[in-house]
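Numbering (numbering that gives the first Met the number 0), first residue to last: 0 to 275.
Glycine residues also receive a C-beta, built at the ideal position from the N, C-alpha and C atoms.
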Amino acid sequence: MTTTAARPGAGPGEGARITGEHGVSWVSTVAVLERYLTLHRRLWRASAASSILMPLMILLGFGLGVGGHIGQVEGVDYLAWIVPGVLASTAFQVAIGESTWPVLGDFKWVRAYHAMRATPVRIADIVTGWLLFVLLRVVSSVLIVLAVTALFGALRSPWALVTPLVCGLLGLAAAAPTTGFAATVTHDSYFVLLFRFGVVPAMLFGGVFFPVDQLPAAARPIAYLSPLWHGVELQRAATLGAAPHWPVAAHVAYLLAVTAAGAVWALRAFRNRLQD
Numbered sequence: 000m001t002t003t004a005a006r007p008g009a010g011p012g013e014g015a016r017i018t019g020e021h022g023v024s025w026v027s028t029v030a031v032l033e034r035y036l037t038l039h040r041r042l043w044r045a046s047a048a049s050s051i052l053m054p055l056m057i058l059l060g061f062g063l064g065v066g067g068h069i070g071q072v073e074g075v076d077y078l079a080w081i082v083p084g085v086l087a088s089t090a091f092q093v094a095i096g097e098s099t100w101p102v103l104g105d106f107k108w109v110r111a112y113h114a115m116r117a118t119p120v121r122i123a124d125i126v127t128g129w130l131l132f133v134l135l136r137v138v139s140s141v142l143i144v145l146a147v148t149a150l151f152g153a154l155r156s157p158w159a160l161v162t163p164l165v166c167g168l169l170g171l172a173a174a175a176p177t178t179g180f181a182a183t184v185t186h187d188s189y190f191v192l193l194f195r196f197g198v199v200p201a202m203l204f205g206g207v208f209f210p211v212d213q214l215p216a217a218a219r220p221i222a223y224l225s226p227l228w229h230g231v232e233l234q235r236a237a238t239l240g241a242a243p244h245w246p247v248a249a250h251v252a253y254l255l256a257v258t259a260a261g262a263v264w265a266l267r268a269f270r271n272r273l274q275d
């Protein structure tokens, strides 16, 4: 660990903030994470419907209702086929939902990020603590949905045990760039456009409800660009024991690359906004 002396005239804690400005202090990161966990403990009921009840309704409505008319898809009954998509879409939506209004709110209305910057907490600590919180939110939501799907016998492979890890990676790949985007906008109307032209098309054409192979060949690359499709493919391979369209390493590498690029964007956006 490196140390740098505070500049003359620096206020309390400012020297520690300047030290290693681009690094991560895990003590400060855990403090940021603790803040979000405390807030969530008080407000979790408001998000329960969207993060838990909605996926279960989709699972029952599509998996059992529509599945009764469709029969089998790619050699398995539709309920078992759609479960990986529901798990991945749950992670995707929870991550994006948490990374839009809450991020803008802590900049514009609550100004929590400005308060953090008045302490030794650094921008890297803020972003890392926030992404860790989103990761926990995603995994906890997915675990509940996963437990319910197991009751229906929709998990056909022991590799289903890794689905929370896949959802966590997908959640980071969705949350990191969305956090960067939320840190650059000044009005929440931009989020309506994000959901209308980003989230909804990804849900419809990301392999959640039907195989991407059924899309026209010219439209498939658009689906491949979405982190959701890669998450769905990994989830389907885990729950059904089937080989994904791409090698597992390629799907994981893509999600890691999107996460890294999004984290860099978020760091720069936070730094630019908090220095204004």
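Can you list, in chain order, the residues of its chain whose CB lies under 6 Å from that of glycine 128, leaving out five sequence neighbours each side?
Thr28, Val31, Leu32
Closest Cα partner of isoleucine 81 within the set Leu55, Val257, Arg272, Val138:
Leu55
Which residue spans inside the region 155–218 form an unbroken alpha helix (DSSP H) run of at least 4?
162–181, 188–193, 199–204
Tell me the DSSP secondary structure of valine 31 in three-state form.
helix
Report the rounded CA-to-CA distance for leucine 239 versus cysteine 166, giving the unit in angstroms.
16 Å
Look at the alpha carbon of proline 155 and the alpha carbon of valine 231, and state the distance between them as a whole number of angstroms.
Note on residue identity: the sequence assigns arginine, not proline, to residue 155. So the two alpha carbons sit approximately 15 Å from each other.
In the structure shown, what three-state DSSP assignment does valine 102 receive?
helix
Got a sec, what are the start and stop residues for the alpha helix (DSSP H) isoleucine 51 sits in?
No alpha helix (DSSP H) contains isoleucine 51, which DSSP labels as neither H nor E.
Residue of Val102, Leu192, Gly170, Tyr223 minimising C-alpha distance to arginine 272:
Val102
Counterpart residues of aspartate 76 in DSSP-defined beta bridges:
Gln71
Counted within 10 angstroms of its Cβ, other Cβ atoms place glycine 261 as buried (16 or more) or exposed
buried
Taking Cβ positions, are threonine 99 and leucine 171 nearer each other than 7 Å?
no
For arginine 195, count neighbouring Cβ atoms within 10 angstroms of its own Cβ and tell me buried if that reaches 16, exposed if not.
exposed
Taking the beta carbon of valine 83 as the centre, do at least 16 other beta carbons fall within 10 Å, making it buried, or is it exposed?
Looking at the sequence provided, one finds proline at residue 83 rather than valine. Burial call: buried.
Classify threonine 1 as buried or exposed, calling it buried when 16 or more other Cβ atoms lie within 10 Å of its own Cβ.
Residue confidence for threonine 1 is low, a pLDDT of 38 falling below 50, so the modelled location carries little weight; the figure read from the coordinates is stated next. By the 10 Å Cβ count, threonine 1 comes out exposed.
Taking the alpha carbon of isoleucine 221 as the point to measure from, which residue in Leu36, Gly205, Gly74, Ala114 has its own alpha carbon closest?
Gly205
Can you tell which of Leu145, Ala175, Arg116, Leu150 has the C-alpha that lies nearest to the C-alpha of alanine 159?
Leu145
Is it true that the CB of alanine 149 sits closer than 7 Å to the CB of alanine 79?
no
If you draw a straight line from the C-alpha of valine 161 to the C-alpha of glutamine 234, how long is it?
9 Å
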